[in-house]
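Numbering (the working numbering), first residue to last: 3 to 454.
No residue lacks a Cβ here, since even glycine has one placed at the ideal position from N, Cα and C.
Everything numeric in this text was worked out from a predicted model, so none of it was measured.
For reference, the structure is listed below as structure tokens.
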Amino acid sequence: MIAELYDKIRYQRWHDFGTLSSDERLITRCITLTFAFYLVGALYLIAPVLGWGLAAVVIARWVSGIKLSHRNTKWLIALWCLSALILELTLVIAHVDFNLGFGKIIKSTIGWAKGWALLSIFIVLGYTLKLRYQVICRAACIVGLIALLATPALIMAFILRLPETLYVSPLKVFGGAGPEFFTIRLYEIDPFNGRPRWRYFAPWAPAVGFVANIYFLCAWFEKDRFWKTVGLIGNATMIFLASSRMGIIVLLLIPLAVWGLSRLTRPWVIITTACGILAVAMMFDPISEFLLTTLNDIKEARADSTRVRASLGNIALYRWQSEAFWFGHGVVETGTHLVEFMPIGSHHNWYGLLFVKGFIGFLAFLTPFVLTCLVLLIKAQYQVSSRLGLGMCLILGFFSMSENIEALAYMTWPAWLLIGVGIRECFADVDTYQHNLLGRFRIISESLSTNR
Numbered sequence: 003m004i005a006e007l008y009d010k011i012r013y014q015r016w017h018d019f020g021t022l023s024s025d026e027r028l029i030t031r032c033i034t035l036t037f038a039f040y041l042v043g044a045l046y047l048i049a050p051v052l053g054w055g056l057a058a059v060v061i062a063r064w065v066s067g068i069k070l071s072h073r074n075t076k077w078l079i080a081l082w083c084l085s086a087l088i089l090e091l092t093l094v095i096a097h098v099d100f101n102l103g104f105g106k107i108i109k110s111t112i113g114w115a116k117g118w119a120l121l122s123i124f125i126v127l128g129y130t131l132k133l134r135y136q137v138i139c140r141a142a143c144i145v146g147l148i149a150l151l152a153t154p155a156l157i158m159a160f161i162l163r164l165p166e167t168l169y170v171s172p173l174k175v176f177g178g179a180g181p182e183f184f185t186i187r188l189y190e191i192d193p194f195n196g197r198p199r200w201r202y203f204a205p206w207a208p209a210v211g212f213v214a215n216i217y218f219l220c221a222w223f224e225k226d227r228f229w230k231t232v233g234l235i236g237n238a239t240m241i242f243l244a245s246s247r248m249g250i251i252v253l254l255l256i257p258l259a260v261w262g263l264s265r266l267t268r269p270w271v272i273i274t275t276a277c278g279i280l281a282v283a284m285m286f287d288p289i290s291e292f293l294l295t296t297l298n299d300i301k302e303a304r305a306d307s308t309r310v311r312a313s314l315g316n317i318a319l320y321r322w323q324s325e326a327f328w329f330g331h332g333v334v335e336t337g338t339h340l341v342e343f344m345p346i347g348s349h350h351n352w353y354g355l356l357f358v359k360g361f362i363g364f365l366a367f368l369t370p371f372v373l374t375c376l377v378l379l380i381k382a383q384y385q386v387s388s389r390l391g392l393g394m395c396l397i398l399g400f401f402s403m404s405e406n407i408e409a410l411a412y413m414t415w416p417a418w419l420l421i422g423v424g425i426r427e428c429f430a431d432v433d434t435y436q437h438n439l440l441g442r443f444r445i446i447s448e449s450l451s452t453n454r
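Pasting the structure below:
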């Protein structure tokens, strides 16, 4: 039994997919080596190199005359590219407005290339490259397996009171970011309640909940029973040991939400939903009281953290409205002791967008994001890859209320890649279940267009 499992893990982990394309091999290798990259401090550097490198490959293929597969919804991909350019434009204007200097513009542009631009790039790559979402799901399950194997050692490190920090990687000189992105930690002690939390490969514990939820949903879509079980358990373990409140909420909500939102055209789902809404309306008072109590309990679990986040949001909104409404401040600014010296414009994606990029930058990102959610919601009724992409949008939407998602682009890039995969029309991903009328209609229409 053990020998069979070892053989499955070591030699047969990709056998279900036949021959992987060169793009699939490169991408899955970058995902499965997450822990290895983290240990040498290279995790922060891999995503920008991978994203911009593959973008150059796509451009080179197009220039050399290699015809890219015809895709639909090209307007949405163009909108994401335009979004990235507008965000860079607002950055430059804000730097000029506040006289931050040419050197600061260059530094911030590099940050844009590793953040906001990278989000759009991976959506484009998912849309244009020949990638199968199933391969990425398998890679996510492998990360879950490695996390499961590493967890006992990390817990033992806390029990034995080993040093929290092992070392700071010398690769920090190439990063241009804070030391937390290159610091290798065994665990951390929460300054608010004194309890241990585990970061695994993330710069701070809640970020583990973010990434692990992405991989958990990938495992949810995995077909192989062994890999699905390992992926679900491993990634759920990371979420709970990170003690991420948002992570636990998303873990419980998103799989159910994706299941329901992808079946809106099925009569029994519509009837069940209508009955559920009626029941909620009839018992609105006790349900709302329960939800408010639960929300307050979640906030009180780390009351100081909740206070700091609320103060950061209030300060960011006030200064955005009074100082830099249209184009923002260009950069985050160090806060006072009131917010534990946390940067103003951090800990909330939308407040951060308003503070740093202004109303123009806010709209530049919000517009394609909302339209992408709507497109994926429609496609999710008949296409499996779009359901996974919709789930990624939901996860990103939830965590955008507690994280700056562009700062974590170097870890969450598989989610943006899967969004791009979900946007494109792929006949092989159509749900052929007999009750899926849209899926069956899609198959018939594809057959008719092929026979013309």
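- With fewer than 16 other CB atoms across the displayed protein chains lying within 10 angstroms of its CB, GLU325 is exposed.
- Spatial neighbours of LEU420 in its own chain (CB-CB distance under 7 Å, excluding positions within 5 residues in sequence) are listed in chain order as GLY128, TYR135, ILE138, LEU390, GLY391 and MET394.
- Where THR369 is concerned, the enclosing alpha helix (DSSP H) starts and stops at 351-381.
- In the structure shown, the three-state DSSP call for ARG199 is strand.
- For VAL333, the three-state secondary structure derived from DSSP is coil.
- Shown here, TYR169 sits in a strand according to DSSP, grouped into three states.
- In the three-state scheme derived from DSSP, where H, G and I count as helix and E and B as strand, ILE407 is classed as coil.
- Per DSSP, ILE241 lies in no beta strand (DSSP E) segment; the continuous alpha helix (DSSP H) that holds it begins and ends at 227-243.
- HIS349 sits close to ARG311, with the two beta carbons spaced by under 8 Å.
- Taking the Cα of LEU365 as reference, the smallest distance to any Cα among LEU22, LEU84 and PRO165 is reached at LEU84.
- For ARG389, the enclosing alpha helix (DSSP H) stretches over residues 386-401.
- Only residues of its own chain outside the window of five on either side were considered, and among them LYS106, ILE107, SER110 and GLY332 have a CB closer than 7 Å to the CB of HIS97, listed in chain order.
- Between VAL126 and the set ILE144, MET158, TRP82 and ALA159, the nearest pair of CA atoms involves TRP82.
- The shortest CA-to-CA distance from TRP64 to any of GLU335, LEU131 and VAL423 is the one to LEU131.
- Judged by DSSP secondary structure, ILE48 falls within the alpha helix (DSSP H) whose first and last residues are 45-65.
- Excluding five sequence positions before and after VAL213, the CB atoms of its chain that fall closer than 7 Å to its own CB belong to ALA204, MET413 and THR414, given in chain order.
- In chain order, ARG199 place their CB closer than 6 Å to the CB of ASP192, counting only its own chain and leaving out the 5 sequence neighbours on each side.
- By the criterion of a C-beta distance shorter than 8 Å, ARG187 is surrounded in its chain by GLU166, THR167, LEU168 and ARG201, once the five residues flanking it on both sides are discounted.
- The Cβ-Cβ distance between LEU266 and GLN383 falls below 8 Å.
- Membership of THR75 in any alpha helix (DSSP H) is not indicated, and neither H nor E is assigned to it by DSSP.
- In this structure, the straight-line span from the alpha carbon of ALA115 to that of GLY233 is close to 31 Å.
- The C-alpha of ALA283 is placed about 40 Å away from the C-alpha of CYS428.
- The beta carbon of PRO172 lies closer than 8 Å to those of GLY43 in the same chain, with the five residues before and after it left out.
- The straight-line gap separating the alpha-carbon atoms of VAL372 and LEU156 is approximately 39 Å.
- Residue state for ILE346 is assigned as strand, using DSSP reduced to three classes.
- Shown here for GLY53: same chain residues with a beta carbon closer than 6 Å to its own, the five before and five after excluded, namely LEU120, ILE123 and PHE124 in chain order.
- ILE241 and LEU151 have their C-alpha atoms spaced approximately 15 Å apart.
- When the alpha-carbon of LEU162 is set against those of LEU87, ALA142 and TYR189, the nearest one is in TYR189.
- Residue pairing by DSSP places GLU26 opposite no residue, since no beta bridge is assigned to it.
- Burial is judged here by how many other beta carbons sit within 10 angstroms of a residue's own beta carbon; ILE68 has fewer than 16 and is exposed.
- ARG31 sits in a helix when the DSSP states are folded into three classes.
- For ILE186, the uninterrupted beta strand (DSSP E) run begins and ends at 185-187, by DSSP.
- Bridge pairing for GLU190: ARG199 [DSSP].
- Straight-line spacing of the CA atoms in MET403 and SER66 works out to 43 Å.
- Between CYS277 and GLU224, the CB-CB gap reaches or exceeds 8 Å.
- For ILE68, there is no enclosing alpha helix (DSSP H), as DSSP gives it neither H nor E.
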